[in-house]
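Enquirer: Submitted below is the structure of interest, expressed as structure tokens.
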Amino acid sequence: MKNSIIYLLLVSIGFWSCENKDESVFEKTADERLNEALGTYETQLAGSTYGWNAVIYPGNGGSYGLYMKFNDQNRVTMYSDFKDESAKTSKESSYRLKAMQTPTLIFDTYGYLHVLADPDSDANGGSDGVGLASDFEFAIFPDSISADRMVFVGRKNGSRLVLTRATQAQQTAYNNGAQASAMAFNNISKYKVYFKRITIAGVTYEITVGQDTRSLKMTWLEGTTVRNFNTTYYFTSEGLRFKNSLVNGSTTISGFNNVTWDTSRSQVSVSVNGATSVIGTAIRPLAIDLNAARRWYNAPVSTGGEWRSVSGFHVNGVDDAFGLRALTSDSFPYVVYLYIPAYGSNYDLFAPAFFEDGSLSLHYGNAVRTPSFPADGRIVFSERGTLGDVPTTGPVAQMAAQLYESTGYYLIQTSEKTYDMVNAKDATVWINWFRI
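For what it's worth, the working numbering labels the leading residue of the sequence shown as 892, then goes sequentially.
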């Protein structure tokens, strides 16, 4: 018994000694260490003489380029590639570093970064209540910080903000509007022909761009084998950058530099690895996806869903060619055009939806026969009839006439839930479809 008591005393002394030793490991308290870390991060942010190149990757995908210059008075000046104007005109707002569950960088007054996170869909084209699922409060993790690179993680949506130290030349270029100049790449949306091609190092690539989602797809042939590369992109002071680089043999493509819009020819030219190339057009896909049309048609059938398009058909370089955005029905405003496969027992529905009593409402529509799918990969629509009092002139009549164009359409899948439907006649007409 006596030996047991002595043993317990010795064990207790050992624990007491260990506890005292643990308490002396850190010379400063946790709060002191945290405040010191915040000071270090602020010094690093404000201490970059020429500011920071920035890229943000919102939680719902895509990528956006910014430039940020922090000072030691909790102010930050930005450029953003979200719009031409924000790439040309700097905007100042405030920031602060705060101790939360982790050290946190907070952009606490409305600036360009907030546009992407704005829950009002009118601000950024995202979803109501969510926006583009971006952030303006970012957690800081020490292992993601180095002298020339800082990576932050959004506290709400998990979006990533990556800062890399800018050079004097890059700062000057941003201030001179170089990012806005690079955004001339967006003018490919003005091409009257859908299919865009570029030749790089002797290889012809077809480029498919989703400007709303900042997605880019490049397709090429390796013999008879079709190769595809998908990435997102953003704009910098030097041009357009891919999130991931395309590697094809000895050629690596990380983006496009020296982006130029030739107004007289309505063409975009770029340089890749020092060589200049013009983005041209073609009236047929480089490689036809023979199953795309059926995939598009069948995708919503199992769920009872539909395909949606806001602007309808793009015709000869004109978005919303038939003026859908001005359409009303009994004073209710137009919202979106729908294609619903298998709406009836032997027909589909092609119809506008209007905003009525807080929700989408169908007032009338065109009944479409189940499409045919020729072996060459097209889809061909034909009329079966009408449902309700369908206008015989104006946007709705024009939409139906275009859908029934006899040569049909190719379907180009641009993401998991988006397709472009391009007329097979001459590729001067197309419509963007999305599914929610």
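Note that CB positions come from ideal geometry on N, CA and C, so glycine has one too.
#1: Tell me the start and end of each unbroken beta strand (DSSP E) in the region 1096 to 1133 that is at least 3 residues and wholly inside, in chain order.
#2: In angstroms, rounded to a whole number, what distance separates the CA positions of D1039 and V1053?
#3: Does D1280 come out as helix, strand or coil in the three-state DSSP assignment?
#4: Using a threshold of 8 Å, state whether the C-beta atoms of M1041 and G1002 are closer than that.
#5: Just tell me which of H1005, R1105 and D1153 has its CA closest to the CA of F1133.
#6: Between the C-alpha atoms of I1170 and T1127, what's the straight-line distance to the nearest angstrom?
#7: If you measure between the beta carbons of F863 and I1174, is that distance less than 8 Å?
#8: Quick check on R1216: does DSSP put it in helix, strand or coil?
#9: Since G1249 contacts G1279 with CB under 8 Å, what's their CB separation in whole angstroms?
#10: Can we say the region 1150 to 1167 touches the region 1179 to 1188, given the rule of at least three CB pairs closer than 8 Å?
#11: For R1269, which residues of its own chain have a beta-carbon under 8 Å away from its beta-carbon, when the five flanking residues on both sides are left out?
#12: So does the region 932 to 939 actually touch the region 981 to 1000, counting three or more Cβ pairs closer than 8 Å?
#13: Out of curiosity, what's the CA-to-CA distance linking D999 and M991?
#14: Quick one: grab the DSSP three-state call for D1311.
#15: I need the DSSP call for I1327, collapsed to helix, strand or coil.
#16: Hey, V1192 and A1233 are a contact pair by Cβ (cut 8 Å); roughly how many whole angstroms apart?
#17: If you compare alpha carbons, which of V946, I1327, L1023 and T1319 is closest to K1308?
#18: Which value, in whole angstroms, describes the spacing of the CA atoms of G1146 and V946?
#19: From the DSSP output, in three-state form, read off T1058 for me.
#20: Measuring CB to CB, does V1206 end up less than 8 Å from T1305?
#21: Would G1101 and L1023 be called neighbours here (beta carbons separated by less than 8 Å)?
#22: Run through DSSP, which three-state label would D1013 get?
#23: Could you tell me which residues DSSP pairs with E1247 in its beta bridges?
#24: Apart from the five residues on each side of it in sequence, which residues of its chain come closer than 8 Å, Cβ to Cβ, to N926?
#25: From the DSSP output, in three-state form, read off V1042 for me.
#26: Kindly indicate which three-state DSSP category I1079 falls into: helix, strand or coil?
#27: Taking the beta strand (DSSP E) that V1192 falls in, what are its first and last residues?
#28: Can you tell me the Cα-Cα spacing of Y1238 and H1254, whole angstroms?
#29: Suppose you measure from the CA of D1378 to the CA of G956; what does that come to, to the nearest Å?
#30: How far does the alpha helix (DSSP H) with E976 in it reach, from first residue to last?
Expert: Let me lay it out:
#1: 1106 to 1113 and 1116 to 1126
#2: 11 Å
#3: coil
#4: no
#5: R1105
#6: 20 Å
#7: No answer is possible for residue 863: the residues shown for the chain start at 892 and end at 1327.
#8: helix
#9: Actually they are not in contact, since the Cβ atoms of G1249 and G1279 sit about 21 Å apart, beyond 8 Å.
#10: no
#11: A1184, T1298, G1299, Y1300, Y1301 and A1315
#12: yes
#13: 15 Å
#14: strand
#15: coil
#16: 5 Å
#17: I1327
#18: 15 Å
#19: coil
#20: no
#21: no
#22: helix
#23: S1250
#24: A990
#25: strand
#26: helix
#27: That residue, V1192, is in no beta strand (DSSP E); it is neither H nor E in DSSP.
#28: 17 Å
#29: Because the chain in this structure spans residues 892 to 1327, residue 1378 falls outside the shown range and cannot be described.
#30: D975 to K979
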